[in-house]
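Chemist: Residues in the sequence shown are numbered from 1032 upward in steps of one, following this note's numbering.
Cβ atoms here follow ideal geometry from the backbone N, Cα and C, with glycine treated the same way.
Provided herewith is a single structure, encoded as structure tokens, for subsequent inquiry.
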Amino acid sequence: MVDWLKAHPLIQLALAGACGTLARYWIGGLVQQKLGSGYPWGTLVINVSGCLLFGFVWTLAEDRLLISPQTRVVVLTGFMGAFTTFSTFAFETSQMLASTEWFRAVGNLGLQNLLGLAAVFLGMALGRLI
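The structure is reproduced here in structure tokens:
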């Protein structure tokens, strides 16, 4: 059996991404099933837990040096990229706030949300044209 931790970085990312996808599907579905469909609880749990995990892994890799740079990339880009991209958005905004880049942080919050919503509506409109 091949030790996947020693595999090519692209294979590592793909495997981690597959795990993130499956985790998102399973956890999101389980939460939604337990709490009902009146609110997107599954998405909320995925996004918040993803942010928690992102911050935890980043600190272990950058501040504590307990995780190698390669493992950090695999977990944060591979697993978390498939699990939730909201964690990356929240982390990048937190870095701007930590650097007292208030204007950039508020701009990032506004642009990401407004343009994201606009893109969803545009995509829906384009889809209706087909």
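#1: Drop a sphere of 10 angstroms on the beta-carbon of Ile1163, count the other beta-carbons inside from all chains shown, and report buried for 16 or more, exposed for fewer.
#2: Can you grab the Cα-Cα spacing for the pair Leu1107 / Val1151, in whole Å?
#3: Would you kindly work out how many angstroms separate the C-alpha atoms of Leu1041 and Thr1090, rounded to a whole number?
#4: Would you kindly work out how many angstroms separate the C-alpha atoms of Met1032 and Gln1043, rounded to a whole number?
#5: Tell me the rounded alpha-carbon separation between Ala1156 and Leu1145.
Modeler: If we stick to the structure as given:
#1: The structure shown has nothing for residue 1163, since the chain only spans 1032 to 1161.
#2: Counting from 1 along the sequence shown, the entry for residue 1107 is found at position 76. Counting from 1 along the sequence shown, the entry for residue 1151 is found at position 120. Taking the straight line joining both Cα atoms gives about 25 angstroms.
#3: One-based indexing of the sequence shown puts residue 1041 at position 10. One-based indexing of the sequence shown puts residue 1090 at position 59. Roughly 24 angstroms separates the two Cα atoms.
#4: As a working mapping, residue 1032 is identified with position 1 in the sequence shown. As a working mapping, residue 1043 is identified with position 12 in the sequence shown. Summary for Met1032: the model assigns pLDDT 46, below 50, so the residue's position carries little reliability; its value from the coordinates is reported in the next sentence. Roughly 15 angstroms separates the two Cα atoms.
#5: As a working mapping, residue 1156 is identified with position 125 in the sequence shown. As a working mapping, residue 1145 is identified with position 114 in the sequence shown. Going by the C-alpha atoms only, they are around 17 angstroms apart.
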